[in-house]
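Residue numbers (this note's numbering): 14 to 647. Ideal Cβ positions, reconstructed from N, Cα and C, are used throughout, including at glycine. Structure first, then comments.
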């Protein structure tokens with residue numbers, strides 16, 4: 014806030030939009046704001062330093078999106094920094110949608126604004142500024158205030174965009190529908206294990222996850238996903254700081270203490286704005302009552318937030334068998350590690366114990382299906398693929414038979430049919446049902462988005478990934494998926510931004526560097542592409558991208574070396590990737606032969622065949638078109 018008590022605003026815009034930015038700056042000045050923008054600044058040695066100072070001092074940042082600014086790295090950086098500080102006020106000058114990572118925020122459309130400071134559009138901007146600054150909006154008045162040119166600073170940004178608050182403003186501006194949505198946003202931070210035995214941490218972590226899932230099924234609540242909420246596990250700054258960091262209105266925390274077959278859980282709901290407890294509860298139950306336990310906590314939280322939750326419905330897909338529940342939680346803990354074949358094997362063993370102990374435990378059947386599919390796609394020999402995927406379909410169908418509206422069961426069935434049997438049409442009803450029943454679950458929404466883009470349902474994929482980004486803004490997998498959706502949609506600039514966000518959150522995330530390199534290469538930035546590809550740790554993806562890069566750069570000997578290494582190191586598990594290289598090398602006939610071989614062995618890479626930019630050179634080849642039609646994509 015300025016010394017005079019007026020909010021300080023700066024404008025982020027593309028220089029080709031300068032005239033419209035100047036008109037908005039004048040209207041803002043007349044409305045009583047201090048405006049900083051670069052038309053008032055001279056260049057010089059303090060250029061970069063002025064950028065950082067302006068971004069840090071501004072009370073609100075108005076980003077003027079347009080067809081010009083969405084291509085500007087400067088504007089993206091400025092918007093990302095404003096997003097991180099919860100100071101972003103997005104505006105569209107020409108009706109253009111903002112790039113990925115910013116579409117979940119309410120945007121003010123100025124495409125029909127005629128420059129009047131007392132217009133409805135300016136009133137909307139004033140309200141958005143007040144919300145960003147945290148003030149009550151005063152009655153509108155137009156002043157003759159002028160910009161203090163001695164204080165003016167360059168509007169720009171080189172600060173690196175982080176995804177730490179990618180969803181925070183989404184909650185605050187009402188992505189899911191007005192003020193009530195903001196008021197009912199909640200993060201469930203990991204419950205503490207007070208059992209005195211670190212081996213029991215799976216119980217506190219599992220109960221946290223299950224309470225979160227129960228609340229996420231309530232359409233009246235906005236529940237932040239686990240990956241983002243779990244960043245507060247070791248937070249020492251209190252509930253207010255956590256709520257601000259995560260961008261939610263409420264924080265639910267708790268503790269779990271186990272003694273034999275009894276579990277004691279203490280939970281506390283804190284108002285993120287005031288820091289005061291709104292509700293607390295201590296419960297003690299036998300372990301075999303744990304699902305009723307979770308439902309009771311979820312119901313109490315909903316009541317505390319005045320959000321109706323059905324009380325007569327049993328816990329969906331649950332169990333009253335303590336041994337089954339404990340094995341299920343151990344299996345989930347191992348599966349979520351996603352470390353290697355051994356952790357997946359142990360997870361499978363625990364899920365098998367769970368369904369043996371309680372054959373009616375639908376969630377355990379769905380989880381067993383997922384781990385069978387994961388084993389097939391990541392660790393299995395070619396001869397084991399069909400048996401594993403068949404077993405995955407069987408377990409998913411059991412889950413659905415037991416609980417038809419269980420999102421996890423429908424998702425598992427859709428995935429097994431699509432990845433395991435390339436059954437595009439058969440997978441669609443399952444994915445659609447999973448999305449319908451699990452719209453509050455970030456993992457369900459994410460996997461639906463990936464299915465949609467591979468099925469060339471691009472608009473649905475974009476809508477779903479925007480929702481996933483809002484629900485789980487700190488999950489690198491979500492940003493990687495956003496990158497793939499943009500890449501498959503041929504929006505390579507958006508893809509680059511999303512992949513870079515994923516890598517900032519997790520520099521080790523698999524295949525993101527390779528696909529970042531692919532996007533850069535298709536933007537005709539081969540040097541940047543080479544740097545990204547070199548950082549990829551997966552042989553399959555690094556060598557594929559490198560072979561394509563070398564072909565496009567005319568380095569045929571180097572391309573052959575990379576391709577030969579791909580075949581030698583990965584073999585038939587990379588038949589689809591070999592086809593990509595051949596397509597880019599102008600050998601369309603060989604590419605189709607490799608794709609048919611990939612189909613014969615059940616290569617899950619074929620799920621991308623209809624949306625893959627690397628196959629564009631053969632997209633009109635009659636043999637390729639026939640294969641795509643046979644697979645059900647047309």
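Cβ-Cβ separation, residue j to residue i (assumed contact under 8 Å), whole Å
{"i": "residue 146", "j": "residue 20", "result": "5 Å"}
{"i": "residue 527", "j": "residue 555", "result": "6 Å"}
{"i": "residue 301", "j": "residue 281", "result": "Wrong, their Cβ atoms sit about 25 Å apart, outside the cutoff."}
{"i": "residue 513", "j": "residue 535", "result": "About 16 Å separates the two Cβ atoms, so there is no contact after all."}
{"i": "residue 608", "j": "residue 619", "result": "7 Å"}
{"i": "residue 224", "j": "residue 142", "result": "Wrong, their Cβ atoms sit about 37 Å apart, outside the cutoff."}
{"i": "residue 450", "j": "residue 483", "result": "Rounded, the Cβ-Cβ distance is 19 Å, inconsistent with contact."}
{"i": "residue 627", "j": "residue 561", "result": "7 Å"}
{"i": "residue 49", "j": "residue 67", "result": "6 Å"}
{"i": "residue 474", "j": "residue 462", "result": "5 Å"}
{"i": "residue 360", "j": "residue 384", "result": "5 Å"}
{"i": "residue 395", "j": "residue 585", "result": "6 Å"}
Residues of its chain near residue i, where Cβ-Cβ distance is below 6 Å and the 5 sequence neighbours each way are ignored
{"i": "residue 603", "result": "595"}
{"i": "residue 549", "result": "526, 527, 555"}
{"i": "residue 637", "result": "605, 631"}
{"i": "residue 190", "result": "Confidence at residue 190 is low in this model, with a pLDDT of 35, below 50, so the placement of that residue should be treated as unreliable; the coordinate-derived value is given next. Cβ neighbours of residue 190 beyond the five flanking positions: none."}
{"i": "residue 349", "result": "none"}
{"i": "residue 646", "result": "437, 623"}
{"i": "residue 639", "result": "none"}
{"i": "residue 476", "result": "none"}
{"i": "residue 246", "result": "203"}
{"i": "residue 229", "result": "236, 453, 454"}
{"i": "residue 341", "result": "367, 377"}
{"i": "residue 76", "result": "25, 92, 103"}
{"i": "residue 591", "result": "607"}
Residue i - containing beta strand (DSSP E), residue span
{"i": "residue 43", "result": "Careful: residue 43 lies outside any beta strand (DSSP E), inside the alpha helix (DSSP H) at 31 to 43."}
{"i": "residue 284", "result": "275 to 284"}
{"i": "residue 103", "result": "101 to 105"}
{"i": "residue 198", "result": "198 to 201"}
{"i": "residue 240", "result": "Not the beta strand (DSSP E): residue 240 falls in the alpha helix (DSSP H), residues 239 to 242."}
{"i": "residue 24", "result": "21 to 25"}
First through last residue of the alpha helix (DSSP H) which encompasses residue i
{"i": "residue 573", "result": "569 to 583"}
{"i": "residue 554", "result": "552 to 565"}
{"i": "residue 126", "result": "Here residue 126 belongs to no alpha helix (DSSP H), and DSSP marks it neither H nor E."}
{"i": "residue 83", "result": "Looking at the DSSP string, residue 83 is not in any alpha helix (DSSP H), and its letter there is neither H nor E."}
{"i": "residue 48", "result": "Here residue 48 belongs to no alpha helix (DSSP H); instead the beta strand (DSSP E) covers 47 to 49."}
{"i": "residue 264", "result": "Taken as a continuous stretch (DSSP letters only), residue 264 belongs to no alpha helix (DSSP H), being part of the beta strand (DSSP E) at 263 to 272."}
{"i": "residue 544", "result": "539 to 547"}
{"i": "residue 297", "result": "Element bounds for residue 297: not the alpha helix (DSSP H) but the beta strand (DSSP E), 290 to 299."}
{"i": "residue 226", "result": "214 to 229"}
{"i": "residue 134", "result": "133 to 146"}
{"i": "residue 593", "result": "588 to 597"}
{"i": "residue 514", "result": "505 to 518"}
{"i": "residue 530", "result": "525 to 535"}
{"i": "residue 255", "result": "252 to 259"}
Cβ-based neighbour list, residue i, same chain, cut-off 7 Å, excluding 5 preceding and 5 following
{"i": "residue 727", "result": "Residue 727 lies beyond the range of the chain shown here (14 to 647); nothing can be said about it."}
{"i": "residue 122", "result": "105, 108"}
{"i": "residue 634", "result": "601, 605"}
{"i": "residue 11", "result": "Since the first and last residues shown for the chain are 14 and 647, residue 11 lies out of range."}
{"i": "residue 221", "result": "201, 203, 204"}
{"i": "residue 610", "result": "588"}
{"i": "residue 390", "result": "432, 617"}
{"i": "residue 499", "result": "113, 507, 508, 511"}
Neighbourhood of residue i by C-beta, 8 Å cutoff - its chain only, sequence neighbours within 5 removed
{"i": "residue 521", "result": "550"}
{"i": "residue 569", "result": "563"}
Any C-beta of chain C under 7 Å from that of residue i
{"i": "residue 81", "result": "Considering every chain present, this structure includes no chain C. It has just one protein chain."}
Start-end ranges of the alpha helix (DSSP H) lying completely within the segment 599 to 634, minimum 4 residues: As summarised for the segment 599 to 634, the continuous alpha helix (DSSP H) elements at least 4 residues long and confined to that stretch are 601 to 614, given in chain order.
Between the segment 457 to 469 and the segment 436 to 444, can you find at least three pairs of beta-carbon atoms closer than 8 Å? The answer is yes - the segment 457 to 469 touches the segment 436 to 444, with three or more Cβ pairs under 8 Å.
Give the list of continuous alpha helix (DSSP H) stretches no shorter than 4 residues that lie fully inside the segment 350 to 437. Complete alpha helix (DSSP H) runs here, min 4: 354 to 370, 375 to 391, 398 to 415, 420 to 428.
Does the count of Cβ pairs from the segment 132 to 140 and the segment 80 to 99 closer than 8 Å reach three? These segments do not touch.
Check whether the segment 361 to 378 touches the segment 411 to 419, taking contact to mean three or more Cβ pairs, one atom from each stretch, closer than 8 Å. With a cut-off of 8 Å, the segment 411 to 419 and the segment 361 to 378 count as touching, because enough Cβ pairs lie within range.
With a threshold of 8 Å, are at least 3 pairs of Cβ atoms found where one atom belongs to the segment 20 to 31 and the other to the segment 64 to 82? Output reads yes: the segment 64 to 82 touches the segment 20 to 31.
Contact between the segment 230 to 245 and the segment 362 to 373 (3+ Cβ pairs under 8 Å): Touching, no, given that fewer than three Cβ pairs across the two stretches are closer than 8 Å.
For the segment 466 to 493, list the alpha helix (DSSP H) runs that are entirely contained and at least 4 residues long, ordered along the chain. Runs of the alpha helix (DSSP H) inside the segment 466 to 493: 471 to 484.
Just checking, does the segment 425 to 435 make contact with the segment 378 to 387 on the three C-beta pairs under 8 Å criterion? These segments touch.
Are the segment 255 to 274 and the segment 200 to 215 touching by the rule of at least three beta carbon pairs closer than 8 Å? Contact check between the segment 255 to 274 and the segment 200 to 215: three or more CB pairs, one atom from each, fall below 8 Å, which counts as touching.
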